[in-house]
Structures are given as structure tokens and as C-alpha cells.
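One structure is given below, encoded as C-alpha cells.
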Amino acid sequence: YGVWAVISPFNFPFALMGGPVGGALVAGNTVVLKPSSDAPLSAVLLARAIKDAGIPDGVFNMVMGPGDSVGAELQENPDVAGITFTGSSEVGMQVFRSFAKNYPKPVIVEMGGKNPTIVSKHADLEKAAEGVMRSAFGLGGQKCSANSRVYVEGSVHDEFVKLLVEKTKALKVGDPTVRGVFLGPIINQRSVDTFLAACDEAKRDGKIEIGGGRLTDGDLAKGFYVAPTVVSGLPATHRLFKDELFVPFVAVTKVSSFEEGIALANESEYALTAGCFTEDEKEIRTFLDTIHGGVIYVNRRAGSTTGAWPMVQPFGGWKKSGTTGKSGGGLYYVQQYLREQSQTIVR
374 YGVWAVISPF NFPFALMGGP VGGALVAGNT VVLKPSSDAP LSAVLLARAI
424 KDAGIPDGVF NMVMGPGDSV GAELQENPDV AGITFTGSSE VGMQVFRSFA
474 KNYPKPVIVE MGGKNPTIVS KHADLEKAAE GVMRSAFGLG GQKCSANSRV
524 YVEGSVHDEF VKLLVEKTKA LKVGDPTVRG VFLGPIINQR SVDTFLAACD
574 EAKRDGKIEI GGGRLTDGDL AKGFYVAPTV VSGLPATHRL FKDELFVPFV
624 AVTKVSSFEE GIALANESEY ALTAGCFTED EKEIRTFLDT IHGGVIYVNR
674 RAGSTTGAWP MVQPFGGWKK SGTTGKSGGG LYYVQQYLRE QSQTIVR
């Protein structure tokens, strides 16, 4: 295509910069990278690695700065032929709508998620609670694949919540460079405000089972530390079951059947990842055949809705979660950075 822009987020910086940058370079484009202002040092290391690899000057370029100036220039500059954006759905949709002006240009957007898990009455509840805990609170819930809503069949709801609370209570919050610490601080004050607002709503409209506030004891007072939070008793139509939060917060509600859980899961505007726990083979097949999402998990103890690592498992979303069909790490990923030309020569 020519010049390809990459706008990347603060979370998973190497993967979410290196994947699109590498894809665009392999396809023959030059690249301009704008990393997140909250995670600039990873971008510097990537730039050094590319230079050390012998990539000629001008093939890879990096510009730091805020989205409303640097990001806007990459979207509006007519010399930019294609763009990859990873971040919020609000900004991603604005990029998708505005980037192509005079003619169609390629846009790859990987946006948010409001990722569900359905827990059947036929589930191994210990496995389900472990998987939800790890997916909801790993990396502080600051990943687009985090499990943020759970639909549990009524007959096992209370036992599931009890197990989830027990596992959450055992988590250690602190300096993430220390072995044994599970959660570090969240990224900035804006995320803290989002978390506290969600907790206030949960207290008003439902029940906070565990967590629900900032952590300020000792060294935790020096950072953006919050308690991993489990809430219950909210109606399935509540905002906290709909809006992406990007913090360690998970909402659990009862459903009358496994099928109702799938139906509620599919009502979301998002469709990035999803998980279920059941030992019933018919339910597994029903889930795989009907759930909306680009990356799907069944009975994954290590993370109910998370686990797609670069070059191991393709990753991408449907609906409001991103451009559908060609997942990162999949067979056709690099093809998105290429345009075709049919050539005929007659001699």
C-alpha cells in the first residue's frame, strides 16, 4: 500500500505494536507507529530492536504524542494508505468512519470487549471459579479479553459465587515484579475513577461480594491500587453488564437455563471472547454453534475468556469488538496489509 500507520494501546505493548508493525513491514509497507503515551518505553525498545536488525532508516518510524494531535494527523494525512488501531470502541469507530475520505482505504481495528462466561449446572464449579478469577483479575482486568460478566444457572449460583469469592480473597495485590503478587496497580487515575464509579453503582443496585474500593495500606498508598471486585444481584440489563470497564471488576447473575445464558451473552454489542463451563457434551456443542465471538473457550481453568497468545492462537473480534474475519496470528493476517494487482504481458 505504501505508508501504514499503527496506533497501539498501553496493554500488551510489544504484542500489539509488534504484530501490526511486523505484518505491515513484511508486506512491503513503510510504518509510522504511535504508541500509547501511558507505555512509551516499550516502543523505544521495539524501535531499537528494529534498528539493530538492520531495517533501513525511514522504513520504520515512531512518533509519540497525544491522540488528538499525533493520532489525528495519522488519520487525516492523505499520504497514509492504511491504518491499524487497537484501543477503545469509541475511538476505533471514529477511526473506522473517518479514515477513508476520497476513496476506500484499509482499516484494521481491534477494539473492546464485554466478555461473558456461562456456567452450567453441569459444570465443575471449582474449575469454573478458578477460570473466571484468573480471567477477570489477571493483569488487573486491563485486557480486552478479560471476563467481566458471568451468567450462572440458578441451582449452582450461590456455590459458584462462594468459590469465586474464596479464590479472589486469596489473591495478593502489590508490586507486580515481586513473585507471588497476582495484581499490580491499574494504569492511571482515569481508570481508578472508572473503577470507583462502577463500585458505587454496584453498591446501590446490587451487592459487592468482595472488594469494592481502593487499597491504600503501606506501599499501596503510592500507586493506583484497587481491590479485585466481585458483584452479584444486578439485573442482566444493568450498565455494568454492558459497558467495558478495563478494571478488575466482574459481575455475576443468575439465569434460568444454559440457553438463557447464551442469549444474554449474545445481546452485547461486543463479541470478542467468550467462555463456558459444562461437562455436558450437548451443551458444549450448543455453545460453540451459537455464541457470538471471535475467540471461544470451553472449560479453561487457566482463564475463562483469555489465553490467546501471539503466534499461538489467532485473535480477533466480531461486531463492536473489531473488524471481523482476519484474526491476528491467523493464516490471512498479513494479507490484510497487501493489495493485489493482476498483470498481463503480451510479447
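Residues 374 to 720 in our numbering are what the sequence shown lists, from first letter to last. Just so you know, even glycine gets a beta-carbon here, dropped at the ideal spot from N, CA and C.
Using C-beta distances below 6 Å, list every residue in its chain close to residue i, excluding the 5 sequence neighbours before and after it, in chain order.
i, result
"Asn434", "Val405"
"Lys580", "Ser605 and Gly606"
"Gly557", "Pro549"
How is the alpha helix (DSSP H) around residue i delimited, first residue to last?
i, result
"Leu398", "Pro386 to Val399"
"Thr567", "Gln562 to Asp578"
"Asn724", "Shown here, the chain extends from 374 to 720; a query on residue 724 therefore has no answer."
"Arg507", "Leu498 to Phe510"
"Ser605", "Unbroken run through Ser605 is the beta strand (DSSP E), Thr602 to Ser605; no alpha helix (DSSP H)."
"Ala422", "Pro413 to Asp425"
Can you tell me which of the options puts its alpha carbon nearest to the alpha carbon of residue i?
i, options, result
"Leu512", "Phe619, His495, Leu414 and Glu463", "Phe619"
"Ala336", "Ala496, Ser564, Val432 and Glu654", "The structure shown has nothing for residue 336, since the chain only spans 374 to 720."
"Thr626", "Val668, Lys615 and Ala609", "Ala609"
"Glu617", "Gly460, Gly396 and Phe472", "Gly460"
"Tyr476", "Glu449, Leu498 and His495", "Glu449"
"Lys576", "Ala624, Tyr598, Lys545 and Val394", "Ala624"
"Ile583", "Ser677, Pro601 and Val376", "Pro601"
"Ile657", "Ser518, Phe631, Ala638 and Leu588", "Phe631"
"Phe660", "Glu633, Val399 and Val534", "Glu633"
If you count every other CB in all the chains shown that lies within 10 Å of the CB of residue i, and 16 or more means buried, which is it?
i, result
"Thr646", "buried"
"Gln515", "buried"
"Gly591", "exposed"
"Ile718", "exposed"
"Glu640", "exposed"
"Ala681", "buried"
"Tyr706", "buried"
Looking only at its own chain, which residues have a Cβ that is under 7 Å from the Cβ of residue i, when we skip the five neighbours before and after it?
i, result
"Asp411", "Phe383, Ile560 and Asn561"
"Ser629", "Gly527"
"Phe469", "Val480 and Val482"
"Leu447", "Ala378, Ile380, Val405, Lys407, Val453 and Ile456"
"Ser471", "Gln448"
Taking only heavy atoms of the ligand ZN into account, decide whether any of them is closer than 7 Å to the Cβ of residue i.
i, result
"Glu633", "By its list of ligands, the structure shown contains no ligand whatsoever, and the ligand ZN lies outside what it can speak to."
Could you check where the beta strand (DSSP E) with residue i kicks off and where it finishes?
i, result
"Phe458", "Val453 to Thr459"
"Thr646", "Thr646 to Phe650"
"Met484", "Element bounds for Met484: n/a, residue is neither H nor E."
"Lys627", "Phe622 to Val628"
Between residue i and chain D, is the shortest Cβ-Cβ distance under 8 Å, so that the two count as touching?
i, result
"Ser677", "Protein chains in the displayed structure number just one, and chain D is not present."
Go through its chain and collect everything with a Cβ distance to residue i's Cβ below 8 Å, but skip five positions before and after it.
i, result
"Phe385", "Lys516"
Are three or more beta carbon pairs between the segment 486 to 499 and the segment 646 to 656 nearer than 8 Å? Counting Cβ pairs under 8 Å, three or more are found: they touch.
Decide yes or no for the touch test of the segment 686 to 696 against the segment 658 to 668: beta carbon pairs closer than 8 Å, at least 3 of them. Yes, they touch.
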